[in-house]
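Just below is one structure, and these are the notes that go with it.
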Amino acid sequence: MFEILKARAPIRFMRYSKAATVLSLVLIALSFFSLATRGLNWGLDFTGGTVVEVAFEQAAALDEVRDRLNEAGLPGATVQHFGTSRDLLIRLAPQENVNVQQQGESVLAAMRQVSPSVEMKRLEFVGPAIGAELAEQGGLAILVALLCILLYVGMRFEWRLASGAVLSLAHDVIITLGVFSWLQIEVDLTIVAALLTVVGYSLNDTIVVFDRVRENFRRIRNDTTAEVFDEAITDTLSRTLITSATTLVVVVALFLKGGALIHGFATALLLGIGFGTYSSIYIASAWAMLLGVQREHMLPPQVEKEGADQEPLP
0 MFEILKARAP IRFMRYSKAA TVLSLVLIAL SFFSLATRGL NWGLDFTGGT
50 VVEVAFEQAA ALDEVRDRLN EAGLPGATVQ HFGTSRDLLI RLAPQENVNV
100 QQQGESVLAA MRQVSPSVEM KRLEFVGPAI GAELAEQGGL AILVALLCIL
150 LYVGMRFEWR LASGAVLSLA HDVIITLGVF SWLQIEVDLT IVAALLTVVG
200 YSLNDTIVVF DRVRENFRRI RNDTTAEVFD EAITDTLSRT LITSATTLVV
250 VVALFLKGGA LIHGFATALL LGIGFGTYSS IYIASAWAML LGVQREHMLP
300 PQVEKEGADQ EPLP
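Under numbering that gives the first Met the number 0, residues 0 to 313 are what the sequence shown spells out, in order.
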């Protein structure tokens, strides 16, 4: 297999596990502080608002549509193509003392400055109750994913490793949400999808490391637990770097060229890949070591053969 990094000796990652743990605790504390004081900037998927669908005779430029909406006193509108380049879906935040019909008329007037023949095909209001239900279901989806991962890793490996894996995933999600809260990046349903993607991506790295940890525990008898983890992480480091680099190429392209609609999605993936790679090395492994994982925990149970305790016949 191609390797971009082949170390002659194991890299002592666990030597810095305490410093990494302190750094993670500080980042998590700052994330909780930001979430408690600044909160999340919920998008229209969660807060509710007006949805307007308009149709043009020719392809419409999204930037021009946003400029016309801003000039009409409708800032912060989410504009995206809907089906074809001639159909647009416009979502507006609710405004005080302005009903849905008035918002629809304002949108239509602004769109007529882009093209006089524009046609309104749909006008509806999404209530905040539906948005609150979506937020609850999104949180439950992430929680259920973490619980299922805990069960799966616990059955495949050992409960100490499973606890480390789930803690590292929660670490990635909390810090990503903390960054979104601090920067007040809009959170919509695409962010929930990105967080679930981050959970799966980070778990993949952790499973690869834990597979090698189990192999090394069964193969090496005299090394300490920290040395076994160091060798396992070093052995899989080339694979981790190649996977992260190829994934980052796509995510960076989405971040730079994907447009405003998926900018938050790409941002969440960028943060998740970075912290996911870091947490797979330090958080998951360091937590398993803290819980006292040992070589005997990785060995398969011995099955006594029937009659093995009987004395041999003369």
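All C-beta atoms in this analysis are idealised placements derived from N, C-alpha and C, irrespective of residue type, glycine included.
Cβ-based burial, M154 [other Cβ within 10 Å; buried from 16]: exposed
Enclosing alpha helix (DSSP H) for E214 [first to last residue]: L188 to R218
Continuous alpha helix (DSSP H) stretch holding E104: start and end: V99 to R111
Boundaries (first-last residue) of the beta strand (DSSP E) holding F81: Taken as a continuous stretch (DSSP letters only), the beta strand (DSSP E) holding F81 covers T77 to F81.
F1 (DSSP reduced to helix, strand or coil): For F1, the predicted model reports a pLDDT of 46, less than 50, meaning its position is unreliable and no value from the coordinates is stated.
Close-in-space but distant-in-sequence residues of the same chain around T49 (CB under 6 Å, 5 per side omitted): L91, V99, Q102 and F124
6 Å Cβ shell around L122 - same chain, five flanking residues per side excluded: Correct list, in chain order: V51 and G103.
Whole-angstrom distance between D229 and L188, CA atom to CA atom: Computed Cα separation, rounded: 38 Å.
Where the beta strand (DSSP E) containing E52 begins and where it ends: In the DSSP assignment, E52 falls within the beta strand (DSSP E) that extends over G48 to A54.
Span separating the alpha-carbon of I241 from that of V208: 15 Å
Nonlocal neighbours in the same chain, by C-beta distance under 6 Å from V172, ignoring five residues either side: L194
Of the residues F55, M13 and G271, the one placed nearest S167, counting alpha carbons only: G271
Coarse secondary structure for N315, derived from DSSP in three states: Summary: the structure shown does not reach residue 315, with the chain confined to residues 0 through 313, and so no result is reported for it.
L247 - containing alpha helix (DSSP H), residue span: That run of the alpha helix (DSSP H) goes T224 to K256.
Terminal residues of the beta strand (DSSP E) in which V125 lies: E118 to V125
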